[in-house]
Structure formats: structure tokens, C-alpha cells
Amino acid sequence: MKADTITKDYISDREIFSDVFNYYIYGGRQVITPEQLEERDPTEIAIPYGADGAAVPVQKFRDAQKLCAVMTDGKLEYVICGAEAQARIHNAMAVRNNLYDALEYAGQVSEAAKSHRKAMQKERAQKQESGEENTGQESTEEGKKTPDSHEFLSGFWNEDRLIPSVTVTIYFGADEWTGPRSLLEMMEVDDPKVKACLNDYKLHVIAPAQMPDEEIGKLQSSLREVLLFIKYSKNKEELDRILRENKERFKEVERRAVDVIEVITNTQLKYEEREGKVDMCQAIREMRIDAEREGELRGEQKGELKKAQEAARNFYNLGIEVEKIAQGLGYAVETVKGWVGLRPERN
-18 MKADTITKDY
-8 ISDREIFSDV
2 FNYYIYGGRQ
12 VITPEQLEER
22 DPTEIAIPYG
32 ADGAAVPVQK
42 FRDAQKLCAV
52 MTDGKLEYVI
62 CGAEAQARIH
72 NAMAVRNNLY
82 DALEYAGQVS
92 EAAKSHRKAM
102 QKERAQKQES
112 GEENTGQEST
122 EEGKKTPDSH
132 EFLSGFWNED
142 RLIPSVTVTI
152 YFGADEWTGP
162 RSLLEMMEVD
172 DPKVKACLND
182 YKLHVIAPAQ
192 MPDEEIGKLQ
202 SSLREVLLFI
212 KYSKNKEELD
222 RILRENKERF
232 KEVERRAVDV
242 IEVITNTQLK
252 YEEREGKVDM
262 CQAIREMRID
272 AEREGELRGE
282 QKGELKKAQE
292 AARNFYNLGI
302 EVEKIAQGLG
312 YAVETVKGWV
322 GLRPERN
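Just so you know, we're using the working numbering here: the sequence shown kicks off at -18 and counts up by one.
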């Protein structure tokens, strides 16, 4: 789908991506910079048990995923940030994003186990080369350890830590997001004892129709103009107000943002691109002028057709043959027959 491709490419850009998470995590404060983002493979793989215990690979693709290094209170912290672009409401988005995050954590555990195995294999190889025997006891060498049974079984050692994963869904729609915003909203559980045992997963979603303008204004990239335009795309008066109040920013909207606006709102804009920027105010004016001209043309054509129909009926009432009327007016004989109340001849 064209909308999915364009919106996915748009949010994958580092500037837009950092803007999304600066807004959602930090309320618009510019904590994450595009330079702090490290590209990650958005493909996650899990192998659950299938029929008869067979391992069945399941592959899921995030729209965009990046590793972010953030300095908080003098301490460097890492966060995996994932973004999902939705042109339409997805009622199972909470399950989908929960799976993405779970696969991310499963992948981290797998990588930790792989790293430990390699380290132990290397240590054993070094001991064999030096003639040392592996006693299975705690290594006396500084910085090395022998895992206990629990660590060895899981491959995840006591001092290992997961990097948190945060997934945000950006809904590029003018309607309100009506889908469930958590796993529990997708269930019908009345027993409080059962409910207390369930782990919920909350959906982080950005939906412009349900955001005050002040909230959208916290965004610093062209995503601000995209969401404002989408929010009021069905209301001409409100859209004009937004264009006036944000005139300076709407006069220089980057082309990729305009592409998103066009495909989502199904708006055919007419504009001249200058250095990758588009004057949306002028583009909207040109679009409306063209629409008015097209409407006037259709009106003129409709008037001409009505005159031809009246003339055909008048000539027919005077006894002139239908064939001659059609020839004189420049229309098909079958068409004129319909105007004067005669059925078109069948072959």
C-alpha cells in the first residue's frame, strides 16, 4: 500500500524519529538528537513450538527501530526505540507491539547467552593450550567467573541487564483512534482474582484527532505540520485557521512531509518545490482555484447539455426526424432518442 510505504519511510528518518520520542518520552524536550540514534535491523525472529513440538520460525518486521544513547543525570543509558506507522486503525496493535518488544528482549537474552558461550569456549581453549585442567571451580583470574547452574541454564547471568524497549505507534488518520489501547481492553475479565494475575501491555499511540494543538506544537520537526493538517483536513474553516496561525512554518514544509499529507488526506496539491521546501499555503490556494474552475466548467457543460436536450425535444415536436436532429446537434442518434422519449433501437 502506497500510504504504508510513504509513512514508514518518513518516520524512519532520524530527525522525525528523534522528534517522536522526544515528544512521547520527554514531553517535547530536546533530549535525543538524530546523531544519538544507531540504526538497528527491524527484523525480529522468534521460534515458538508448533504442531507436535515442531519449531516454527515466525518473522515480524518493525517499521523503524533504533538504539538510542541518552545521558540522564550524568549517567549514560540505552533505550531501544521502535516506531510503527499506521494509516488505518489496527484493533490488535497492543498485541502486535507487545510481540515486538518481547521479541526484542528474547533477542537480547539470546545474544547474551551466545556471548557468554563464546567467552567460555575461548577460555577453555586457552587453558588447553597452556595445559591447565578445567576444575569447574570459580576462576581465580581477575574479571572472569564460572557461572552457577541457574546462569548456565538460562545463558543470562545475574549481572546481565536488558536494554528497555519502547514502541510508539503514530496514527496518520483524521479520525479518533478507537482501537484498544491495552491488552486488558481486548479481554473481558470480570473475576478480579484472574485480572490481578494478568500482565497488561499499554499501547503508546500518537493520534492527532485526540491531541490538543498545544500538544502537537511540542513537536519540532515537520511532523508537527503533518499532524495538524491531517487533524483538520476534513474541516475547511479550521484548516484555514491552522494555516494562518502557523503561516511561517507551513510556507516551508519539506517535500517528504507533503508526500505524507497528500497520500493520507487524498489531496492533490499543486505546487512548486524550492530547495526541497513547499509553500503549503500557496499550494492549498492553487488547489482550491483549480477546483472552482473545474466546477465552473462542469456547470457550463451541464448548461450546454440542457440546452441541447430542450432543442432536440422542440425539433422533434415540429416533426423533424430524429436522425437529422442528432446530426445537427452533434450527438448520437440513440442519445437523442432517449431525450425525446423514444427507446434506442436494439441490434
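We put the beta carbon where it would ideally sit given N, CA and C, even for glycine.
Boundaries of the alpha helix (DSSP H) in which residue i is found, first to last residue
i        : result
Leu310   : Val303 to Leu310
Thr53    : That residue, Thr53, is in no alpha helix (DSSP H); its beta strand (DSSP E) goes Ala45 to Thr53.
Tyr86    : Met74 to Ser111
Glu254   : Careful: Glu254 lies outside any alpha helix (DSSP H) and carries neither H nor E.
Leu220   : Lys217 to Glu226
Glu20    : It is not in any alpha helix (DSSP H) - Glu20 instead sits in the beta strand (DSSP E) that spans Leu18 to Glu20.
Ile(-13) : Lys(-17) to Ser(-7)
Lys174   : Pro173 to Ala177
Ile13    : Ile13 -> no alpha helix (DSSP H), and no H or E assigned at all.
Ile242   : Arg236 to Thr246
From the options, residue whose alpha carbon lies closest to that of residue i
i        : options                             : result
Pro23    : Gln102, Ile306, Met167 and Asp(-10) : Asp(-10)
Ser146   : Arg230, Phe231, Leu184 and Lys56    : Leu184
Arg230   : Lys176, Val170, Val259 and His71    : Val259
Pro255   : Glu267, Glu235 and Asn247           : According to the sequence as given, residue 255 is Arg; it is not Pro. Ranking Glu267, Glu235 and Asn247 by Cα distance to Arg255 puts Glu235 first.
Leu286   : Cys262, Ala100, Tyr312 and Ile144   : Tyr312
Leu84    : Leu209, Ile144 and Ser202           : Ile144
Arg10    : Asn247, Leu299 and Lys199           : Lys199
Arg142   : Gly55, Ala94, Asp54 and Cys178      : Ala94
Arg222   : Thr248, Asp194 and Arg237           : Asp194
Thr(-14) : Leu323, Glu140, Ala100 and Arg237   : Arg237
Ala100   : Gly136, Ala73 and Cys178            : Gly136
Where residue i falls, given that 16 or more other Cβ within 10 Å makes a residue buried
i        : result
Asn79    : buried
Cys62    : buried
Gln109   : exposed
Ala307   : buried
Thr(-12) : buried
Arg205   : buried
Val170   : exposed
Phe296   : buried
Cβ-Cβ separation, residue j to residue i (assumed contact under 8 Å), whole Å
i       : j       : result
Ser(-7) : Pro15   : Rounded, the Cβ-Cβ distance is 12 Å, inconsistent with contact.
Pro189  : Ala75   : Going by Cβ atoms, the distance from Pro189 to Ala75 rounds to 20 Å, so no, they are not a contact pair.
Val239  : Leu250  : 7 Å
Glu157  : Gln191  : 5 Å
Asp202  : Glu(-4) : Looking at the sequence itself, residue 202 is Ser, so the reference to Asp does not match. Correct: roughly 5 Å between the Cβ atoms.
Lys228  : Cys262  : 6 Å
Ile211  : Ile242  : 7 Å
Residues of its chain near residue i, where Cβ-Cβ distance is below 7 Å and the 5 sequence neighbours each way are ignored
i      : result
Ala64  : Ile(-8), Phe(-2), Val1, Asp44, Ala45, Val149 and Ile151
Glu92  : none
Val330 : Residue 330 is absent from the structure shown; the chain starts at -18 and stops at 328.
Val12  : Asn3 and Val51
Trp320 : Gln290, Ala293 and Arg294
Trp138 : His97, Pro128 and Glu132
Phe42  : Pro23 and Thr24
Gln89  : Leu143 and Ile144
8 Å Cβ shell around residue i - same chain, five flanking residues per side excluded
i        : result
Leu310   : Ala289, Ala292, Ala293 and Val317
Glu19    : Lys47, Leu48, Cys49 and Ala50
Ala(-16) : Ala68, Phe153, Val244 and Ile245
Ile70    : Tyr152, Gly154, Asp156, Trp158, Thr159 and Gly160
Ile187   : Val1, Tyr4, Tyr5, Val149, Thr150, Ile151, Tyr152 and Leu208
Lys215   : Ala155
Glu219   : Tyr213
Residue i: first and last residue of the uninterrupted beta strand (DSSP E) it sits in
i      : result
Ser146 : Ser146 to Tyr152
Gly63  : Lys56 to Gln67
Ile187 : His185 to Ile187
Glu196 : Not the beta strand (DSSP E): Glu196 falls in the alpha helix (DSSP H), residues Asp194 to Ile197.
Other residues of its chain near residue i: CB distance less than 6 Å, five sequence neighbours each side excluded
i      : result
Tyr182 : Ala75, Asn79 and Leu164
Glu233 : Lys258
Ile6   : none
Gly8   : none
Ala66  : Thr(-12), Lys(-11), Ile(-8), Asp44 and Ile151
Glu196 : none
Any non-hydrogen atom of the ligand SAH closer than 7 Å to residue i Cβ
i     : result
Ala66 : With respect to the ligand SAH, the structure offers nothing, as it holds no ligand at all.
Min CB distance residue i to chain D below 8 Å
i      : result
Arg142 : No chain D is part of this structure, which consists of one protein chain only.
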